[in-house]
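Contents: one structure, followed by commentary.
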Amino acid sequence: MSYPILYESTETKFTNNGLGFLSDCISCKVTEERNGSYEMEMEYPVSGIHYSDITKRRILFAKGNYFDQEQPFRIYKIDKPIGGVVTVYAQHISYDLSGYVVAPFTASNISAAMSGLVSHSMTTCPFTLSTTRTTAATFKADTPTSIRSWLGGKTGSLLDVYGGEYHFDRFTVTLENARGVDRGVVIRYGKNITDLKQEEN
């Protein structure tokens with residue numbers, strides 16, 4: 001089992017042990033939705049060796065899934081202790097893209113749109129945006145808005161214009177045709193489902 005590592009808020013390389021391994025954490029769960037939220041929730045005891053080091057904006061570094069390398073998650077909320085345990089909430093580092101505003105520009109295809117979001121950022125952006133798709137359609141960023149908002153979730157966003165599925169890997173965002181693989185598995189009652197429960201209210 002690998003444990004989360006705590007880093008300072010300014011860390012970008014993740015090549016050392018940072019402020020330390022959180023080997024005394026009680027639980028650590030990462031949830032990623034397709035083209036949606038990508039967050040971590042960790043329970044940590046107040047008696048833990050690094051309890052006083054866990055503060056907002058610092059980074060938790062942990063595996064997000066079985067296939068990708070470890071990912072950085074920025075702490076945004078820490079609950080008050082209950083029974084000697086705190087719950088720590090963190091978002092994937094890609095949420096930092098909400099802090100980078102892009103100036104208005106127009107692109108004629110998906111590659112130009114992805115690279116344009118970074119090149120037209122009003123401040124230096126440390127992220128790399130790329131795509132494996134080849135869709136040709138006009139993208140228009142008509143008002144100064146955060147890069148993250150142009151990725152998806154509103155009319156005229158990259159997802160709205162080009163479709164696809166995002167892959168977030170540290171400071172790299174890739175818009176792919178599809179993240180998963182069709183392995184031909186079919187779920188059937190009595191074969192690979194042993195119980196089914198439905199609730200209504």
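Going left to right, the sequence shown walks through residues 1 to 201 as this note's numbering numbers them. All C-beta atoms in this analysis are idealised placements derived from N, C-alpha and C, irrespective of residue type, glycine included. No experiment lies behind these values; they were computed from the predicted model shown.
Does the Cβ of residue i have 16 or more other Cβ atoms within 10 Å, making it buried, or fewer, making it exposed?
{"i": "F61", "result": "buried"}
{"i": "P104", "result": "exposed"}
{"i": "P126", "result": "exposed"}
{"i": "F67", "result": "exposed"}
{"i": "S2", "result": "exposed"}
{"i": "Y76", "result": "exposed"}
{"i": "T134", "result": "exposed"}
{"i": "P226", "result": "Within the shown structure, residues of the chain are numbered from 1 to 201, placing residue 226 beyond reach of any answer."}
{"i": "V185", "result": "exposed"}
{"i": "S47", "result": "exposed"}
{"i": "V181", "result": "exposed"}
{"i": "I82", "result": "exposed"}
Between the Cα of residue i and the Cα atoms of the options, which residue gives the shortest distance?
{"i": "V17", "options": "C28, T10, Y166 and P4", "result": "Reading off the sequence, residue 17 comes out as Asn, not Val. When only C-alpha atoms are compared, the closest one is P4."}
{"i": "M122", "options": "N109, S108 and T143", "result": "T143"}
{"i": "G36", "options": "P72, V102, E165 and R58", "result": "E165"}
{"i": "T207", "options": "L117, L97 and D96", "result": "Because the chain in this structure spans residues 1 to 201, residue 207 falls outside the shown range and cannot be described."}
{"i": "V161", "options": "S111, S98 and T15", "result": "S111"}
{"i": "M40", "options": "K63, Y51 and A113", "result": "K63"}
Using DSSP with H/G/I as helix, E/B as strand and the rest coil, what is residue i?
{"i": "S157", "result": "coil"}
{"i": "I49", "result": "coil"}
{"i": "I5", "result": "strand"}
{"i": "I187", "result": "coil"}
{"i": "V118", "result": "helix"}
{"i": "S98", "result": "helix"}
{"i": "S23", "result": "coil"}
{"i": "Y166", "result": "strand"}
{"i": "A112", "result": "helix"}
What are the residues that DSSP puts in a beta bridge with residue i?
{"i": "R74", "result": "I59 and Q91"}
{"i": "L129", "result": "V173"}
{"i": "Y38", "result": "E32"}
{"i": "V86", "result": "Y44"}
{"i": "A107", "result": "F139"}
{"i": "T145", "result": "V102"}
Residue i and residue j look like a contact to me (Cβ under 8 Å); what is the Cβ gap, rounded to whole Å?
{"i": "S130", "j": "T87", "result": "No, S130 and T87 are not in contact; Cβ-Cβ is about 35 Å, not under 8 Å."}
{"i": "F168", "j": "S94", "result": "5 Å"}
{"i": "E176", "j": "T132", "result": "5 Å"}
{"i": "T145", "j": "V102", "result": "7 Å"}
{"i": "R58", "j": "L6", "result": "6 Å"}
{"i": "I78", "j": "K56", "result": "7 Å"}
{"i": "L19", "j": "E8", "result": "7 Å"}
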